[in-house]
Each structure stands twice: as structure tokens, then as C-alpha cells.
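Structure first, then comments.
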């Protein structure tokens with residue numbers, strides 16, 4: 024039994040809440056708190072950051088990426104008062120707060136609860152934030168509005184309590200009724216994608232089911248079809264049945280081989296489907312016609328909603344890091360020009376829905392939109408970066424700073440990046456920046472240059488989701504960050520060719536530094 028399974032066997036993670044509050048109210052020094060209790064705090068979204076001892080990250084549950092203006096103001100107030108004035112929008116449509124101190128945690132949790140925000144089961148071996156389409160209910164092309172379903176999934180999971188609080192590892196879920204695969208379903212443990220099928224003499228809208236996707240670790244995998252069709256009313260039962268199978272049969276001995284993909288590798292999709300039907304007590308229809316038309320766009324810019332006279336406006340948040348002041352500004356814009364609602368995307372951006380035609384000019388003239396632009400250049404549009412080593416102890420590099428500077432340098436060079444080009448940066452092997460599904464993916468590493476250890480990246484090209492998905496191929500290792508603008512420019516000009524002139528690189532003195540944390544939990548995925 025590995026140390027994590029031993030920890031969970033000794034005490035369920037959900038049983039740590041009173042201990043956490045006691046440690047906070049008594050101001051117990053972090054170094055005096057047992058390591059297992061620090062780990063268990065992650066069941067309530069509270070993560071100690073050992074690279075900044077005594078500080079904590081808090082991950083919020085933002086189901087489907089939907090927030091009210093009041094909720095955003097509360098998040099901004101917490102970030103300003105306790106979190107260094109910034110927050111991160113993640114690739115799971117949720118928010119992470121930084122630099123928190125343990126004595127402040129109880130009050131912060133109370134503030135969040137007062138506006139309906141939970142942090143429960145957002146870390147460790149739990150189902151993470153449920154991803155949905157940020158345009159659900161307003162997209163004129165969607166098959167149907169999946170909002171009630173993503174909310175029902177989250178409600179059913181949280182209501183189950185300890186029934187599902189001890190999974191073999193984390194479990195990621197997406198569901199979308201749109202035709203754009205907004206949840207990157209092929210990268211999830213479980214993805215519900217829109218489909219139609221003839222049932223009982225009529226055409227029915229529902230979902231095909233994908234399973235076993237996971238991008239982190241040394242063996243990334245794209246989710247594969249289970250060949251079942253699920254009507255909307257069966258989404259929650261199918262989810263709970265699959266979760267039960269994973270809980271009871273998923274491998275636990277070796278933590279790096281404990282995701283659902285490893286159970287599928289052992290069983291195969293057919294056996295997993297058979298067990299799912301046994302759990303449900305009935306046979307499911309085979310998969311229907313896939314109704315997806317494309318992989319998600321970037322949701323940026325001004326677009327008409329299905330509601331006549333209304334628009335949604337997607338705003339770009341560079342590399343997902345946002346200040347408390349800008350969060351407050353967004354809340355004000357949502358109230359002034361919309362209906363007090365904001366939606367987060369998996370590309371770390373923000374959508375303001377329900378903007379009347381008559382209000383568009385005034386919204387576009389707002390000073391905040393000079394920073395959070397509705398139409399950034401192609402270099403910035405699909406730039407994604409994980410948390411980085413300023414807050415995550417797994418990350419080997421400062422991803423956000425490097426990604427930001429890379430984009431600035433490409434702009435300075437006048438590089439013409441084709442629309443839709445995805446440049447994704449992950450700080451380590453856990454792939455929270457989703458570099459395996461990017462056109463150009465950068466995975467952080469360290470190299471030795473003479474007597475110095477410096478930040479670098481392994482370079483991946485050609486990843487994509489959709490009808491002919493594939494994981495990106497690693498083409499170069501240990502590229503010093505100073506060389507990356509030249510290299511990325513060359514990749515763009517050569518249309519992501521897998522051969523790059525080595526004269527562009529200073530690799531002859533570089534040696535890789537092996538990550539020490541490859542057997543640990545991906546805390547930021």
C-alpha cells in the first residue's frame with residue numbers, strides 16, 4: 024500500500040475539516056501539522072505551498088465555469104485582502120487563490136459560502152471541477168442547453184459524500200450540448216459529447232461517451248469511445264455507475280498508474296461497457312451520430328446569442344492571471360452591460376453574456392477592455408499556461424512569465440501566427456497546461472549551462488483534438504528559454520515541421536535536470 028492509500032485508509036479526507044479549522048484558529052505553525060493532515064486539507068481545496076512555506080492555495084469549485092457578479096466580487100475581495108491581489112483562471116474553468124495564510128482560511132471559506140461557492144473535493148483523489156460549455160443556453164448552434172446536467176452532476180457527486188471521497192486518483196469530467204467540444208472531452212477521464220440517435224421511432228438528442236483521457240504523466244492518453252448513447256436523464260446514473268466501477272476496480276498500488284486510463288488498458292472498453300451496463304441493470308444503446316462540428320474555438324470577441332438582440336463578449340485574460348481590481352471591473356461590467364453573470368473558459372478567458380446590441384459600443388469603450396481585449400492578436404488568442412513555479416512546487420519553470428514574454432517577443436519580431444494556433448506551456452510532466460494537445464507545446468525542464476541551472480523546455484508539435492486527434496510529438500529537448508522565440512518562429516514558418524535547424528539552439532552545454540516529483544499528484548490539473 025503506497026503512502027497515499029495508507030493515509031486515506033487511516034482517515035477519510037472529508038473527516039479533516041474540524042482539524043483544519045482547529046489548526047487555523049489556534050494558529051498552529053505549518054511545520055507542526057502532520058504531513059497527512061496537510062494532504063487531507065486538499066479535500067477542502069486548501070493546498071499548502073512548500074516552495075512558499077506557510078502559504079496556501081485555495082481552489083474553488085465553479086461548476087460549468089459560471090459565476091455571478093456578486094461571487095466575482097467576493098473572490099476579488101478575498102484576493103485583495105488575503106491573496107496578494109491576484110487570482111488564476113484555470114484550464115478547468117475554475118479559480119485558484121494564492122498566498123493565503125492558514126489563520127485566514129475559516130473566514131475565507133465563510134465568505135465564499137455566503138455567495139454559494141464551495142471548495143470541497145477540488146483536490147486529491149476526487150472528481151474535480153465539472154467542465155461545461157461556457158455558451159450553454161446562449162449558443163444558437165447548440166444541440167441543447169447542458170446547464171441543468173452539469174449542475175446535476177456536481178450536485179449528485181457532492182451529495183454522495185464519502186461514497187466517492189476515496190477514488191484511486193483524481194477524475195475529470197466534461198459535458199457539453201454544443202457542437203464545439205468546449206470541454207476538450209478527449210482529454211477527460213469521462214466526456215459526454217453531443218450526439219443523436221433513433222430510439223423508439225424518433226430522433227433523440229443525447230450524448231456519446233468517451234472515457235480514459237489523461238494528459239499528465241509519462242503515458243498521456245486521449246479518451247476513447249465506450250460505444251454507448253446516453254439520453255439526458257441517464258447522464259447522472261451513468262456517471263455514478265462509472266465512478267463506482269473506478270472506485271472499486273481502479274488500480275491503486277502504483278500511484279502513477281492509477282487513473283481510469285490504466286483500468287481501460289487492463290480491461291478494454293468492451294469490458295468496461297459491460298460492467299457499466301451490469302451496474303445499471305440494463306443495456307445501453309450503442310453510440311449515436313456524433314454532432315460535434317469542430318473543436319472549441321476561443322470564445323473571444325463579439326457574437327450574437329440565440330436570444331435576438333443579445334450578444335456575448337469574450338475577453339482575453341493573458342495566461343489566465345488576473346488582478347483583484349480587474350475582477351471587480353469585470354463584475355461591474357457584467358452588472359452594467361449584461362445580467363450580472365460571467366463565464367470562464369478552458370482557455371483561461373472570460374465571457375460576458377447577455378449584452379444588448381445597444382450597449383455594445385459603450386462596453387467596448389470601457390478602459391478595462393484595453394487590458395482584457397476582445398480581439399487579441401493570434402499570438403495571444405490560444406496561449407495557455409499552467410500555474411508555474413511561483414505557486415506550484417511541481418513546476419520546474421515560471422510558466423506564466425515565460426509564456427507572456429514569449430508572446431511579447433513574437434509580437435516584437437512581427438511573427439504572423441495563423442488563426443487558431445495553440446501554444447500551451449506546462450511547468451512539468453503533469454501537463455496542466457495541456458501541452459500534449461497544442462500545435463506547439465512546451466514542457467518545463469531545467470538544464471545546466473556551465474555551473475548554472477536554468478529554466479528550459481522540451482518542445483512538442485502537432486497535437487490536436489477532434490475527428491483525427493493525436494497527441495503532440497516531442498521534437499526537441501532541453502531548449503533554453505532564451506532560444507524559444509527563435510525556435511517558435513521557425514516552427515510557425517515551417518508549418519510545425521518536425522525538423523528544426525539545430526543552429527538555432529544552444530543545446531551543446533545543456534543537460535536535463537530530472538524532476539523529483541514524478542510520482543506525486545497533479546495538484547493543478
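Numbering (the numbering used here), first residue to last: 24 to 548.
Built from N, CA and C at the ideal position, the CB exists for glycine as well.
Shortest alpha-carbon distance to residue i belongs to which of the options?
{"i": "residue 76", "options": "504, 158 and 61", "result": "61"}
{"i": "residue 8", "options": "346, 260 and 480", "result": "A question about residue 8 goes unanswered here, because the residues of the chain that appear run from 24 up to 548."}
{"i": "residue 420", "options": "442, 94, 362 and 479", "result": "479"}
{"i": "residue 307", "options": "313, 314 and 298", "result": "298"}
{"i": "residue 165", "options": "26, 414 and 313", "result": "313"}
{"i": "residue 31", "options": "109, 187 and 131", "result": "187"}
{"i": "residue 162", "options": "329, 486 and 433", "result": "329"}
{"i": "residue 495", "options": "476, 502, 446 and 503", "result": "446"}
{"i": "residue 377", "options": "386, 361 and 383", "result": "361"}
{"i": "residue 37", "options": "252, 207 and 146", "result": "146"}
{"i": "residue 155", "options": "123, 116 and 130", "result": "116"}
{"i": "residue 303", "options": "310, 257 and 332", "result": "257"}
{"i": "residue 373", "options": "344, 281 and 380", "result": "344"}
{"i": "residue 287", "options": "268, 300 and 476", "result": "268"}
{"i": "residue 417", "options": "386, 430 and 456", "result": "456"}
{"i": "residue 228", "options": "253, 211, 80 and 239", "result": "253"}
{"i": "residue 512", "options": "398, 380, 42 and 429", "result": "429"}
{"i": "residue 152", "options": "212, 95, 283 and 487", "result": "212"}
{"i": "residue 385", "options": "438, 336 and 515", "result": "336"}
{"i": "residue 239", "options": "247, 250, 198 and 281", "result": "281"}
{"i": "residue 176", "options": "86, 148, 250 and 230", "result": "86"}
{"i": "residue 397", "options": "433, 487 and 341", "result": "341"}
Report the rounded CA-to-CA distance for residue i versus residue j, giving the unit in angstroms.
{"i": "residue 190", "j": "residue 451", "result": "24 Å"}
{"i": "residue 285", "j": "residue 52", "result": "39 Å"}
{"i": "residue 174", "j": "residue 44", "result": "28 Å"}
{"i": "residue 243", "j": "residue 277", "result": "16 Å"}
{"i": "residue 83", "j": "residue 142", "result": "5 Å"}
{"i": "residue 119", "j": "residue 170", "result": "22 Å"}
{"i": "residue 369", "j": "residue 113", "result": "7 Å"}
{"i": "residue 26", "j": "residue 275", "result": "11 Å"}
{"i": "residue 160", "j": "residue 39", "result": "38 Å"}
{"i": "residue 528", "j": "residue 483", "result": "Bear in mind that a pLDDT of 41 at residue 528, under 50, signals an unreliable position, so the model cannot answer this."}
{"i": "residue 33", "j": "residue 46", "result": "19 Å"}
{"i": "residue 35", "j": "residue 140", "result": "22 Å"}
{"i": "residue 29", "j": "residue 453", "result": "23 Å"}
{"i": "residue 71", "j": "residue 79", "result": "4 Å"}
{"i": "residue 207", "j": "residue 459", "result": "12 Å"}
{"i": "residue 525", "j": "residue 470", "result": "Unreliable positioning characterises residue 525 in this predicted model, as indicated by a pLDDT of 42, which lies under 50. A coordinate reading is not provided."}
{"i": "residue 68", "j": "residue 197", "result": "20 Å"}
Looking at the ligand FAD, does it come within less than 6 Å of residue i, judged from the CB to the closest heavy atom?
{"i": "residue 401", "result": "With respect to the ligand FAD, the structure offers nothing, as it holds no ligand at all."}
According to DSSP, residue i sits in a beta bridge with which residue or residues?
{"i": "residue 335", "result": "326"}
{"i": "residue 483", "result": "464 and 497"}
{"i": "residue 78", "result": "124"}
{"i": "residue 119", "result": "82 and 111"}
{"i": "residue 378", "result": "334"}
{"i": "residue 228", "result": "219"}
{"i": "residue 244", "result": "237"}
{"i": "residue 91", "result": "364"}
{"i": "residue 515", "result": "DSSP output for residue 515 lists no bridge partner at all."}
{"i": "residue 252", "result": "231"}
{"i": "residue 346", "result": "109"}
{"i": "residue 71", "result": "79"}
{"i": "residue 313", "result": "218"}
{"i": "residue 426", "result": "Its beta-bridge partners do not exist; DSSP assigns none."}
{"i": "residue 262", "result": "Per DSSP, none; premise fails for residue 262."}
Let's test the definition: count the other Cβ atoms within 10 Å of the Cβ of residue i and tell me whether it reaches 16, buried, or not, exposed.
{"i": "residue 405", "result": "buried"}
{"i": "residue 73", "result": "exposed"}
{"i": "residue 48", "result": "exposed"}
{"i": "residue 412", "result": "buried"}
{"i": "residue 193", "result": "buried"}
{"i": "residue 111", "result": "buried"}
{"i": "residue 553", "result": "The requested residue 553 is not part of the displayed model; the chain covers only 24 to 548."}
{"i": "residue 423", "result": "buried"}
{"i": "residue 273", "result": "buried"}
{"i": "residue 81", "result": "buried"}
{"i": "residue 371", "result": "buried"}
{"i": "residue 217", "result": "buried"}
{"i": "residue 449", "result": "buried"}
Exercise for the section: State whether the segment 40-56 contacts the segment 309-324, with contact taken as three or more CB pairs (one from each stretch) at a distance under 8 Å. Expected result: no
Exercise for the section: For the segment 499-508 and the segment 458-477, state whether three or more C-beta atom pairs, one from each stretch, are separated by less than 8 Å. Expected result: yes
Handout entry: Touching by the beta-carbon criterion (3+ pairs, under 8 Å), the segment 75-95 and the segment 350-368
Key = yes
Problem - Contact the segment 179-189 vs the segment 254-270: 3+ CB pairs below 8 Å - result: yes
Exercise for the section: Evaluate contact between the segment 389-408 and the segment 224-244, counting only Cβ atoms and requiring at least three cross-stretch pairs below 8 Å. Expected result: no
Exercise for the section: Decide if the segment 202-210 is in contact with the segment 219-227; the criterion is three or more beta carbon pairs, one per stretch, under 8 Å apart. Expected result: no
Practice task
Check whether the segment 389-405 touches the segment 349-357, taking contact to mean three or more Cβ pairs, one atom from each stretch, closer than 8 Å.
Solution key: yes
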